[in-house]
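A.B. asks: In order, the protein sequence lines correspond to chains D and W.
Its first residue numbered 1, the first sequence is counted upward by one per residue in our numbering.
Its first residue numbered 1, the second sequence is counted upward by one per residue in our numbering.
Yeah, the Cβ is synthetic: ideal placement off N, Cα and C, and Gly gets one too.
One structure is given below, represented as structure tokens, and several questions about it will come after.
There are 2 protein chains.
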Amino acid sequence: MAINPARKTRLKDVAAAAGVSSATASLILNDKTDAFPTSTIDRVRESAARLGYRPNALARSLRSQRTHTIGLISDEIATTPFAGAMIRGAQEAAWKAGHVLMHIDTEGDYEMEQAALEAMLERKVDGLVYARMHHQVVDIPDVLTEVPAVLLDAREPTETLASVVPDERSGAKGAVEHLIAMGHTRIGFVQCVDPIPAAYQRLDGFQTALKEAGLDYNERWTVIDPLEPGGHALEVDRLLAGSDRPTALFCFNDRMALGAYNSARRLGLRIPEDLSVVGFDNLETVAPWLDPGLTTVELPHYEMGRWAVDYLERLIDGESLAPEQHLMECPLIERNSVSRRQM
Amino acid sequence: MAINPARKTRLKDVAAAAGVSSATASLILNDKTDAFPTSTIDRVRESAARLGYRPNALARSLRSQRTHTIGLISDEIATTPFAGAMIRGAQEAAWKAGHVLMHIDTEGDYEMEQAALEAMLERKVDGLVYARMHHQVVDIPDVLTEVPAVLLDAREPTETLASVVPDERSGAKGAVEHLIAMGHTRIGFVQCVDPIPAAYQRLDGFQTALKEAGLDYNERWTVIDPLEPGGHALEVDRLLAGSDRPTALFCFNDRMALGAYNSARRLGLRIPEDLSVVGFDNLETVAPWLDPGLTTVELPHYEMGRWAVDYLERLIDGESLAPEQHLMECPLIERNSVSRRQM
Numbered sequence: 001m002a003i004n005p006a007r008k009t010r011l012k013d014v015a016a017a018a019g020v021s022s023a024t025a026s027l028i029l030n031d032k033t034d035a036f037p038t039s040t041i042d043r044v045r046e047s048a049a050r051l052g053y054r055p056n057a058l059a060r061s062l063r064s065q066r067t068h069t070i071g072l073i074s075d076e077i078a079t080t081p082f083a084g085a086m087i088r089g090a091q092e093a094a095w096k097a098g099h100v101l102m103h104i105d106t107e108g109d110y111e112m113e114q115a116a117l118e119a120m121l122e123r124k125v126d127g128l129v130y131a132r133m134h135h136q137v138v139d140i141p142d143v144l145t146e147v148p149a150v151l152l153d154a155r156e157p158t159e160t161l162a163s164v165v166p167d168e169r170s171g172a173k174g175a176v177e178h179l180i181a182m183g184h185t186r187i188g189f190v191q192c193v194d195p196i197p198a199a200y201q202r203l204d205g206f207q208t209a210l211k212e213a214g215l216d217y218n219e220r221w222t223v224i225d226p227l228e229p230g231g232h233a234l235e236v237d238r239l240l241a242g243s244d245r246p247t248a249l250f251c252f253n254d255r256m257a258l259g260a261y262n263s264a265r266r267l268g269l270r271i272p273e274d275l276s277v278v279g280f281d282n283l284e285t286v287a288p289w290l291d292p293g294l295t296t297v298e299l300p301h302y303e304m305g306r307w308a309v310d311y312l313e314r315l316i317d318g319e320s321l322a323p324e325q326h327l328m329e330c331p332l333i334e335r336n337s338v339s340r341r342q343m
Numbered sequence: 001m002a003i004n005p006a007r008k009t010r011l012k013d014v015a016a017a018a019g020v021s022s023a024t025a026s027l028i029l030n031d032k033t034d035a036f037p038t039s040t041i042d043r044v045r046e047s048a049a050r051l052g053y054r055p056n057a058l059a060r061s062l063r064s065q066r067t068h069t070i071g072l073i074s075d076e077i078a079t080t081p082f083a084g085a086m087i088r089g090a091q092e093a094a095w096k097a098g099h100v101l102m103h104i105d106t107e108g109d110y111e112m113e114q115a116a117l118e119a120m121l122e123r124k125v126d127g128l129v130y131a132r133m134h135h136q137v138v139d140i141p142d143v144l145t146e147v148p149a150v151l152l153d154a155r156e157p158t159e160t161l162a163s164v165v166p167d168e169r170s171g172a173k174g175a176v177e178h179l180i181a182m183g184h185t186r187i188g189f190v191q192c193v194d195p196i197p198a199a200y201q202r203l204d205g206f207q208t209a210l211k212e213a214g215l216d217y218n219e220r221w222t223v224i225d226p227l228e229p230g231g232h233a234l235e236v237d238r239l240l241a242g243s244d245r246p247t248a249l250f251c252f253n254d255r256m257a258l259g260a261y262n263s264a265r266r267l268g269l270r271i272p273e274d275l276s277v278v279g280f281d282n283l284e285t286v287a288p289w290l291d292p293g294l295t296t297v298e299l300p301h302y303e304m305g306r307w308a309v310d311y312l313e314r315l316i317d318g319e320s321l322a323p324e325q326h327l328m329e330c331p332l333i334e335r336n337s338v339s340r341r342q343m
């Protein structure tokens, strides 16, 4: 199938079909209709629709100083399997507002990010979403001050730009409160090794839930992520093989929960009869497929994506807003990996 | 942090700093340098760099009729966790060629796709990649004939556009040949219910490998995907509980392989000692984390993304190419779920 420039309808084709001048057609198609009778307006619009006339968005944008394009710059959201729902949420909010979402993943490369930001600003985006694959504290690039901008799954220390991140603390607290409500008092924590915000905030939520229930935090029951892809979960094995083992595990994420399932199987422990397990992420490729299905805390990626773009649209519309630092609730998704403990 | 228009450097600022006229600065920054001495050219470029001058890409594109932008329209690649590496491959190939990849996911919605295509063409993209999350045969939208275009993980019946899809048949054949080389002669197939190209092509590869090895295809050992998220793998259970059970399973995808692991555990069968398992996809959130790690066939998402954009760049550069229908090899990734069978 060859490229066929003859398919492209020009303004003068529309004008000829409607029996008006090009100037008249142009004014009407740019909604400057005051000077014309309804019949002419209708004729021009019908001709444009029938001939598939497509106005030149570049030229129109130069005139209007608005491109109706939002840029989303991220490290590796589209290219990894963890947080794509953020893009879906941002996309849907942008479409709803009549914007196209132009998206570039930089793979966390500094030079690629600089180039992506330049490319977005050269194309005169109306606003920018600056996103991370997981909750991070970032130093924002200077150029983010040139257009309306919102941080997605990222915060910056000075809180001068609006941001949305998951409420890791209350998500973790809710998960542990669920285990306590199911009668568990001996609850272990499988923790992440990286010093990221989620690590200390989820630990804080875990400890707060125990404290409020009058339970002691037992450091021996906190094991640092012993999992490597394809490796062995020796620390979790040791924890679960002990005589005073916990009856429930809260895992930093669903991958570690999968590791806990592997450990339980090696030790002959049944889930949930002998061991209850709760994860974090609600990873759609893992949590529902495990046997039994994993009870876990959802990272609200879709909702965060929507929130960021909805807020950005308000900035683009010229609303004067204090830069909100929004914490998005992380709901508990109950499946079958938690059982009631007889006390 | 307020938006600060004062930060924007204008052409006249660059000209003033370099001690030349705006016309001279404009010509030099648009690489029309013939009329000027090297010292002037250097001075203008240095001033532009120092002041952070950003040329207006919209205006430049109107002049050059090139936007250095490639559009990627997909159904749900960015927003689901299965094929993001295609975007990474496409992205990297585009950057290498000096293009920005503008990406829109349409979530498989027809009207959203029409709007996305219009938006891309209005923005005068230099070329389009039209992609699917998994191998599909599609009717292409008419507008794909207006610009250079390539299909990614999709084909169309008339083969008038170039396309790249996985070589499902040879990927499956290679997996089954591996099981046969490891001494297995009783090999089951856990098959997909959807009538998609991958389903019949992988079955064909499975049957061809058996036939070439002189083994009969045993229909009783082919079970249709019995897995639902959180449900029970009863068909696989029944197959594996039988007295003449297969010693190895080839699974349509990694999710079904995870289901086979669940079945094996319920029946007290060890992997790989009692049952060898091979998957398909090499899903990074699943295959390496299972215990034992899953031997599987990789879907070459990254390579397909690169191929599509590399080919598109050649079309954009004006090369006259017959529309290649490229089959991308699917390599076997060996982990620990296959054992040698004593014959």
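Taking all protein chains shown into account, do 16 or more other C-beta atoms lie within 10 angstroms of the C-beta of Q91(W), making it buried, or fewer, making it exposed?
C.D. replies: Looking up residue 91(W) in the second sequence gives position 91. So Q91(W) counts as buried.
A.B. asks: For L312(D), I'd like the list of residues in its chain whose CB is within less than 7 Å of its CB, leaving aside the five on either flank, ordered along the chain.
C.D. replies: For this step, residue 312(D) is matched to residue 312 along the first sequence. Result list for L312(D): I70, G127, V129, P148 and V150, in chain order.
A.B. asks: Where does the unbroken beta strand (DSSP E) through Q325(W) begin, and where does it stop?
C.D. replies: On the second sequence, residue 325(W) is found 325 positions in, with the first residue counted as 1. Counting along the chain, the beta strand (DSSP E) containing Q325(W) begins and ends at Q325 to M328.
A.B. asks: Out of curiosity, what's the CA-to-CA distance linking E344(D) and A85(D)?
C.D. replies: With chain D represented from 1 up to 343, any question about residue 344(D) goes unanswered, as that position is not in the structure.
A.B. asks: Between the stretch 95-123 of chain D and chain W, which residues of the former have CB atoms less than 8 Å from a CB of the latter, in chain order?
C.D. replies: Here the close residues are W95, V100, L101, M102, H103, I104, D105, E107, M112, A115, A116, E118, A119, L121, E122 and R123.
A.B. asks: Out of G89(D), D139(D), H99(D) and A97(D), which has the shortest C-alpha to C-alpha gap to E113(D)?
C.D. replies: Residue 113(D) sits at position 113 when you count from the first residue of the first sequence. Per the Cα distances, D139(D).
A.B. asks: Find out if the Cβ-Cβ distance for the pair L290(W), P166(W) is shorter than 7 Å.
C.D. replies: Residue mapping note: residue 290(W) aligns to position 290 of the second sequence, counting from 1. Residue mapping note: residue 166(W) aligns to position 166 of the second sequence, counting from 1. No. Outside cutoff.
A.B. asks: Hey, would you say S339(D) sits closer than 7 Å to P272(D), going by beta carbons?
C.D. replies: The residue labelled residue 339(D) in the question sits at position 339 within the first sequence. The residue labelled residue 272(D) in the question sits at position 272 within the first sequence. A contact, by the Cβ cut-off of 7 Å.
A.B. asks: Out of F252(D), R169(D), D281(D) and L51(D), state which residue places its alpha-carbon closest to the alpha-carbon of T9(D).
C.D. replies: The residue given as residue 9(D) occupies position 9 in the first sequence. Measuring from the Cα of T9(D), the nearest candidate turns out to be L51(D).
A.B. asks: Between which residues of its own chain and A48(D) is the CB-CB distance below 7 Å, once the five residues before and five after are set aside?
C.D. replies: Along the first sequence, one-based indexing puts residue 48(D) at 48. Hits under 7 Å: V14 and L29.
A.B. asks: Taking T222(D) as the reference, give the member of D204(D), G305(D) and E324(D) with the closest Cα.
C.D. replies: Reading the first sequence from its first residue, position 222 is the one you call residue 222(D). T222(D) has its Cα closest to that of D204(D), out of D204(D), G305(D) and E324(D).
A.B. asks: Would D237(W) pass as a contact of S263(W) if the rule is Cβ separation under 7 Å?
C.D. replies: Along the second sequence, one-based indexing puts residue 237(W) at 237. Along the second sequence, one-based indexing puts residue 263(W) at 263. Their beta carbons are under 7 Å apart, which means D237(W) touches S263(W) by this criterion.
A.B. asks: Suppose the cutoff is 6 Å on Cβ atoms and the five residues either side in sequence are ignored; what does the same chain contact list for A18(D) look like?
C.D. replies: Indexing the first sequence from 1 puts residue 18(D) at position 18. R43, V44 and S47, listed in sequence order.
A.B. asks: When we look at the beta-carbon of L283(W) and count the other beta-carbons within 10 Å, is it buried (16 or more) or exposed?
C.D. replies: For the purposes of this step, residue 283(W) is identified with residue 283 of the second sequence, where counting begins at 1. The residue is buried, with at least 16 neighbouring Cβ atoms inside 10 Å.
A.B. asks: How do the stretch 310-325 of chain D and the stretch 24-39 of chain W stand: do at least 3 beta-carbon pairs fall below 8 Å, yes or no?
C.D. replies: These segments do not touch.
A.B. asks: Going by other Cβ atoms of all chains shown within 10 Å of its Cβ, with 16 needed for buried, is K211(W) buried or exposed?
C.D. replies: By 1-based counting over the second sequence, the position of residue 211(W) is 211. Exposed: under 16 other Cβ atoms inside 10 Å.
A.B. asks: Report yes or no: is there a C-beta of chain D within less than 7 Å of the C-beta of R255(W)?
C.D. replies: Residue mapping note: residue 255(W) aligns to position 255 of the second sequence, counting from 1. True, the Cβ-Cβ gap to chain D drops below 7 Å.
A.B. asks: Under 6 Å Cβ to Cβ from P229(D), same chain only, skipping five residues before and after it: list those, please.
C.D. replies: Walking along the first sequence from the start, residue 229(D) turns up at place 229. Legend: pLDDT at P229(D) = 49, less than 50; position of this residue unreliable, value from coordinates given subsequently. Closer than 6 Å at the Cβ level, and outside the excluded window around P229(D), lies no residue.
A.B. asks: Based on the DSSP output, what are the partners of A149(W) in its beta bridges?
C.D. replies: Your numbering for residue 149(W) matches position 149 in the second sequence. Bridge partners of A149(W): L128(W).
A.B. asks: For the beta strand (DSSP E) that contains I271(D), what are its first and last residues?
C.D. replies: As a first step, residue 271(D) must be located in the first sequence, where it is residue number 271. Looking at the DSSP string, I271(D) is not in any beta strand (DSSP E), and its letter there is neither H nor E.
A.B. asks: Span of the beta strand (DSSP E) holding G108(D)?
C.D. replies: As a first step, residue 108(D) is located in the first sequence; it is residue number 108 there, counting from the start. Unbroken run through G108(D): none, as it is neither H nor E.
A.B. asks: Report yes if the CB atom of C192(W) is closer than 7 Å to the CB atom of D225(W), and no otherwise.
C.D. replies: If you number the second sequence from 1, residue 192(W) lands on position 192. If you number the second sequence from 1, residue 225(W) lands on position 225. Contact flag set, yes.
A.B. asks: What separation, rounded to the nearest whole angstrom, lies between the Cα atoms of L152(D) and V309(W)?
C.D. replies: Within the first sequence, numbered from 1, the residue matching residue 152(D) stands at position 152. Within the second sequence, numbered from 1, the residue matching residue 309(W) stands at position 309. Cα to Cα, L152(D) sits roughly 29 Å from V309(W).
A.B. asks: Got a sec, what are the start and stop residues for the alpha helix (DSSP H) L240(W) sits in?
C.D. replies: Here residue 240(W) refers to the residue found at position 240 when the second sequence is read from its first residue. Element bounds for L240(W): L234 to A241.
A.B. asks: Less than 7 Å between the C-beta atoms of R335(D) and T285(D), yes or no?
C.D. replies: As a working mapping, residue 335(D) is identified with position 335 in the first sequence. As a working mapping, residue 285(D) is identified with position 285 in the first sequence. Not a contact, by the Cβ cut-off of 7 Å.
A.B. asks: Any idea what DSSP makes of D281(D), helix, strand or coil?
C.D. replies: Here the question's residue 281(D) lines up with position 281 in the first sequence. Residue state, collapsed to three classes: strand.
A.B. asks: Taking Q201(D) as part of the alpha helix (DSSP H), name the residues at either end of that continuous run.
C.D. replies: Position 201 of the first sequence, counting from 1, holds the residue named residue 201(D). Segment P197 to E212, the alpha helix (DSSP H) holding Q201(D).
A.B. asks: Alpha carbon to alpha carbon, what distance is there between I187(D) and A260(D)?
C.D. replies: As a first step, residue 260(D) is located in the first sequence; it is residue number 260 there, counting from the start. As a first step, residue 187(D) is located in the first sequence; it is residue number 187 there, counting from the start. Spanning the two alpha carbons is a distance of roughly 13 Å.
A.B. asks: Buried or exposed, going by whether 16 or more other CB atoms sit within 10 Å of the CB of S39(W)?
C.D. replies: Mapped onto the second sequence, residue 39(W) falls at position 39. Per the 10 Å Cβ criterion, exposed.
A.B. asks: Would L327(D) pass as a contact of G174(D) if the rule is Cβ separation under 7 Å?
C.D. replies: As a position in the first sequence, residue 327(D) is number 327, starting the count at 1. As a position in the first sequence, residue 174(D) is number 174, starting the count at 1. No.
A.B. asks: Can you name the residues that DSSP bridges to E334(D)?
C.D. replies: As a first step, residue 334(D) is located in the first sequence; it is residue number 334 there, counting from the start. Per DSSP, none; premise fails for E334(D).
A.B. asks: Determine the burial state of A93(W): buried for a count of at least 16 other Cβ atoms within 10 Å of its Cβ, exposed for fewer.
C.D. replies: Counting from one through the second sequence, the residue named residue 93(W) turns up at place 93. Flag for A93(W) reads buried.
A.B. asks: Using a Cβ cut-off of 7 Å (strictly closer), state whether G230(W) contacts chain D.
C.D. replies: By 1-based counting over the second sequence, the position of residue 230(W) is 230. With a pLDDT of 46 at G230(W), under the threshold of 50, the predicted position of this residue should be treated as unreliable, though the coordinate-derived value follows. Yes, its Cβ sits closer than 7 Å to a Cβ of chain D.
A.B. asks: For Q342(D) and I180(D), I'd like the C-alpha separation in whole angstroms.
C.D. replies: Position 342 of the first sequence, counting from 1, holds the residue named residue 342(D). Position 180 of the first sequence, counting from 1, holds the residue named residue 180(D). Cα to Cα, Q342(D) sits roughly 12 Å from I180(D).
A.B. asks: For Q191(W), report the span of its beta strand (DSSP E) as first-last.
C.D. replies: The residue labelled residue 191(W) in the question sits at position 191 within the second sequence. Element bounds for Q191(W): I187 to Q191.
A.B. asks: Look up V164(W) in the DSSP assignment and give the residues it is bridged to.
C.D. replies: In the second sequence, the residue the question calls residue 164(W) occupies position 164. Beta-bridge pairing links V164(W) to L152(W) and H326(W).
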